[in-house]
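In my numbering, the protein residues as written are -4 to 59. We put the CB at the ideal spot given by N, CA and C, even for glycine. Computed from a predicted structure; not experimentally measured. Contents: one structure, followed by commentary.
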Amino acid sequence: MEIQNFSTDIAVIGGGGAALRAAIEAAERGQNVILVDKGRPGRSGATPLRSVERTGPVWPPGRR
-4 MEIQNFSTDI AVIGGGGAAL RAAIEAAERG QNVILVDKGR PGRSGATPLR
46 SVERTGPVWP PGRR
């Protein structure tokens, strides 16, 4: 693996919904932003929608 150096105003760690929103907000305010995540794009990060997608629907008590 090759080491790369970057210069940035803000480094956002993680690829979940909150991290993405923070990165977008900072970029819209003129900051130079880098987002660092352990996974590939679309394969990492945690959002409620992804949780439902992986576990399936949740049924209310007494209704199946």
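Alpha-carbon to alpha-carbon, residue j and residue i
i, j, result
"M(-4)", "L15", "26 Å"
"G12", "F1", "23 Å"
"Q26", "G10", "18 Å"
"E23", "T3", "15 Å"
Beta carbon of residue i nearer than 8 Å to that of residue j
i, j, result
"A18", "V31", "no"
"I8", "A21", "no"
Alpha helix (DSSP H) segment containing residue i, residue limits
i, result
"I19", "G12 to E23"
Residue interval of the beta strand (DSSP E) (run including residue i)
i, result
"I(-2)", "No beta strand (DSSP E) holds I(-2); DSSP gives it neither H nor E."
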